[in-house]
Amino acid sequence: MVSTVQMVTAALLLAILFGISTGILSALRENSGFDVSFTVLSLFLYSLPSFLAAALLKNFVAIGFNDFLQNPVIPIVVSLVVGIVVALIVQAVVGGDARRRLTSGGVSFAITAGLLLYMSATGWFLTPGFGPIGVIALSVGVAIGVTMLIAGLRQRRALLTAGIVTVVGIVCYFALQGLFDVSTFWTLVILFVIALAVGLATGFFVGGDDRTQNMRIGALVALLVSIIILIDRFMQSFPGYMEDMNGRPIATVGSSTPGYAPDNMWRVGLDVFFHLLLPTISLLTISFAGYTRYARAGMIEVLSQDYVRTARAKGMPERVVVVRHAFRNVLIPITTLVATDLGGLLGGAIITEFIFAIPGMGALFQRSLGPGDLYPVMGYFIVIAFMAILFNFLADLAYAALDPRVRVR
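Numbering (this note's numbering), first residue to last: 686 to 1094.
Structure representation (structure tokens):
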């Protein structure tokens, strides 16, 4: 049951995050090449059967990547082609005149191709990791990006809040390496809570007149910097895990390696991650397409409303119009879809678990349905009902937070 809940929850959250983000970008670039391309991709993913997606992932992604790790060298031609594809996507997202498109596309091409060539030359795929320089660069990028998105770089207090939280996170990255070696799951939970508390406190004391906004910035930067540090620590344990798996880390069957019980929490986490990676992606594809289309349609409708035109007529920056005025109203109808989507994901999990041989709730339901074993079938429906009620409750809370006309009493 745990593997099914982990898989479905991860697929749902990732589908919401990536689907809404892509849908909003597609709406902001309506009728552009980016919009048309992702519209076609969304329709393709939405119509793709879950069993076919699972079979393709199992045969081409898992087996292909494991074979690649035997000699992880990326040809120069492949690096250049990937760089060109990324450049085309980035310039379509950025938009603007020809000069702006060429600049953004050229920079993204150079960064992507350069990174791939560097990773191939240094054997990064066998010993992955951000390293101190990567953690610092990503953390600074997160601080600038979050501040730019929520408040704008001209807001000095917001930028100072993000900077302080980033510096504290970088210091903790170096100071806590020894603690990470002996950490447990609950140690990480406590560290996450402390990080959020530091971010909120920094925003409160530095925020000035707009404390709420700066507390939001501090908490979000603290969360993202913590995730960067956590991912880097997991990647540090990848070489040992790969050696334990005989050089083939991407699993194609099961929810964990039978009999694999290292005393290293990080390797256990990697084992669960690589076993549930492909099933989660298989469930993610259909939901991602749905959220993308809903977010795109909602953003296009909201941007045509009178209050948005009034905000633009008053001279407000486009960032303020989209983030503060349009984004919240786009999310209101999408929150009602979460509970409905959960049922579809749990239904698709039955097929996915069968293909990947995962001993989860779907497999239990399938085995019990044939001989008429009543109690496991009833237990399966009880768990589904509980999760549906839980996500309905969370959707109601989110609806109340998004819509100022609704209050929770």
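Glycine is no exception: its CB is placed at the ideal position from the N, C-alpha and C atoms.
Burial state of Ile913 (16 or more Cβ within 10 Å): Taking the sequence shown and counting its residues from 1, one reaches residue 913 at position 228. Residue environment analysis places Ile913 among the buried positions, since at least 16 neighbouring C-beta atoms fall within 10 angstroms of its C-beta.
Along the alpha helix (DSSP H) that carries Gln776, what are the first and last residues, could you check? Translated into positions along the sequence shown, residue 776 becomes position 91. Where Gln776 is concerned, the enclosing alpha helix (DSSP H) stretches over Ile761 to Val779.
Helix, strand or coil for Ser868 per DSSP? On the sequence shown, residue 868 is found 183 positions in, with the first residue counted as 1. In this structure, Ser868 counts as coil in the three-state DSSP scheme.
Residue burial classification, Met1063 (beta-carbon count within 10 angstroms, cutoff 16): Your numbering for residue 1063 matches position 378 in the sequence shown. By the 10 Å Cβ count, Met1063 comes out exposed.
Check whether the Cβ atoms of Ile1035 and Ala1048 lie closer than 9 Å to each other. Within the sequence shown, numbered from 1, the residue matching residue 1035 stands at position 350. Within the sequence shown, numbered from 1, the residue matching residue 1048 stands at position 363. For Ile1035 and Ala1048, yes; Cβs fall inside 9 Å.
Quick one, which of Thr887, Val938 and Arg933 has its alpha-carbon nearest Leu845's? Here residue 845 refers to the residue found at position 160 when the sequence shown is read from its first residue. The shortest C-alpha separation from Leu845 is found at Thr887.
Just reading off the alpha helix (DSSP H) that Gly1057 is part of, what are its end residues? Reading the sequence shown from its first residue, position 372 is the one you call residue 1057. Careful: Gly1057 lies outside any alpha helix (DSSP H) and carries neither H nor E.
If you measure between the beta carbons of Leu697 and Asp1081, is that distance less than 9 Å? Against the sequence shown, residue 697 aligns to sequence position 12. Against the sequence shown, residue 1081 aligns to sequence position 396. Not in contact: Leu697 and Asp1081 (Cβ atoms no closer than 9 Å).
Nearest by alpha-carbon distance to Ser868: which of Met950, Ile709 and Thr970 is it? Position 183 of the sequence shown, counted from the first residue, corresponds to residue 868. Nearest of Met950, Ile709 and Thr970 to Ser868, Cα basis: Met950.
If you follow the alpha helix (DSSP H) that Met950 is part of, which residue opens it and which one closes it? As a first step, residue 950 must be located in the sequence shown, where it is residue number 265. Where Met950 is concerned, the enclosing alpha helix (DSSP H) starts and stops at Met950 to Leu988.
Between Gly884 and Leu876, what straight-line distance do the alpha-carbon atoms span, to the nearest angstrom? Here residue 884 refers to the residue found at position 199 when the sequence shown is read from its first residue. Here residue 876 refers to the residue found at position 191 when the sequence shown is read from its first residue. When rounded, the distance between both Cα atoms is 12 Å.
Determine contact between the stretch 839-859 and the stretch 895-903, defined as no fewer than three beta-carbon pairs at a distance below 8 Å. Contact holds between the stretch 839-859 and the stretch 895-903, because three or more Cβ pairs, one in each stretch, are under 8 Å apart.
Count the other CB atoms within 10 Å of the CB of Ser735; is the residue buried (16 or more) or exposed (fewer)? Position 50 of the sequence shown, counted from the first residue, corresponds to residue 735. Ser735 is buried by the Cβ-count criterion.
Please confirm whether Phe815 and Met927 have their CB atoms less than 9 Å apart. Counting from 1 along the sequence shown, the entry for residue 815 is found at position 130. Counting from 1 along the sequence shown, the entry for residue 927 is found at position 242. In this structure, Met927 does not lie closer than 9 Å to Phe815 by Cβ.
Going along the chain, which residues of its own chain have a beta-carbon closer than 8 Å to the beta-carbon of Leu864, five neighbours each way excluded? The residue given as residue 864 occupies position 179 in the sequence shown. Same-chain partners within the cutoff: Thr872.
On the three-state DSSP scale, how would you describe Ile695? The residue labelled residue 695 in the question sits at position 10 within the sequence shown. The amino acid at residue 695 is misidentified as Ile; the sequence shows Ala. DSSP places Ala695 in the helix class (H, G or I) of the three-state scheme.
From the DSSP output, in three-state form, read off Ala700 for me. Here the question's residue 700 lines up with position 15 in the sequence shown. Helix, per DSSP.
Could you check the C-alpha separation between Val687 and Ala998 for me, to the nearest Å? Taking the sequence shown and counting its residues from 1, the one referred to as residue 687 is at position 2. Taking the sequence shown and counting its residues from 1, the one referred to as residue 998 is at position 313. Taking the straight line joining both Cα atoms gives about 52 Å.
Collapsed DSSP secondary structure at Met900 in the structure displayed: Translated into positions along the sequence shown, residue 900 becomes position 215. The answer is helix: DSSP assigns Met900 an H, G or I state.
Among residues of its own chain, excluding the 5 on either side of Arg786, which ones have a beta-carbon nearer than 6 Å to its beta-carbon? Residue 786 sits at position 101 when you count from the first residue of the sequence shown. The residues are Gln776.
Starting from Thr851, follow the alpha helix (DSSP H) in both directions and report where the run begins and ends. Taking the first residue of the sequence shown as position 1, residue 851 is located at position 166. It spans Arg841 to Ala860 - the alpha helix (DSSP H) in which Thr851 sits, taken as one unbroken run.
Starting from the C-beta of Phe1076, find all residues in its chain whose C-beta is less than 7 Å away, skip the five residues before and the five after it, and write them out in chain order. Start at 1 with the first residue of the sequence shown, and residue 1076 comes out as number 391. For Phe1076, where only same-chain residues beyond five positions count, the Cβ hits under 7 Å are Val1023, Ala1024 and Leu1027.
If we count the other Cβ atoms within 10 Å of its Cβ and call it buried at 16 or more, is Val910 buried or exposed? The residue labelled residue 910 in the question sits at position 225 within the sequence shown. Residue environment for Val910: buried (at least 16 other C-beta atoms within 10 angstroms of its C-beta).
Beta-carbon within less than 6 Å of Arg896's beta-carbon, same chain only, minus the 5 sequence neighbours each way: which residues are those? On the sequence shown, residue 896 is found 211 positions in, with the first residue counted as 1. Counting only Cβ-Cβ distances below 6 Å, and skipping sequence neighbours, we find Phe889.
For my contact list, Ser1121 and Leu1030 are in at a C-beta cut-off of 8 Å; report their separation, rounded to the angstrom. The question about residue 1121 has no answer here: the residues shown for the chain are numbered 686 through 1094.
Boundaries of the alpha helix (DSSP H) in which Phe716 is found, first to last residue: Counted from its first residue, the sequence shown places residue 716 at position 31. Note on identity: in this sequence residue 716 is Asn, with Phe being the wrong assignment. That residue, Asn716, is in no alpha helix (DSSP H); it is neither H nor E in DSSP.
On the three-state DSSP scale, how would you describe Gln755? Mapped onto the sequence shown, residue 755 falls at position 70. Coil, per DSSP.
Could you say if the stretch 805-825 and the stretch 780-794 meet the contact criterion of at least three C-beta pairs nearer than 8 Å? Contact between the stretch 805-825 and the stretch 780-794 is absent, with fewer than three C-beta pairs closer than 8 Å.
Whole angstroms are fine: how far does the CA of Met984 sit from the CA of Phe1012? Along the sequence shown, one-based indexing puts residue 1012 at 327. Along the sequence shown, one-based indexing puts residue 984 at 299. Rounded to whole angstroms, Phe1012 to Met984 spans 7 Å at the Cα level.
Figure out for me which residue from Phe923, Leu969, Gly975 and Val1015 has the closest Cα to the Cα of Ser989. Counted from its first residue, the sequence shown places residue 989 at position 304. Checking every option, the nearest Cα to that of Ser989 belongs to Val1015.
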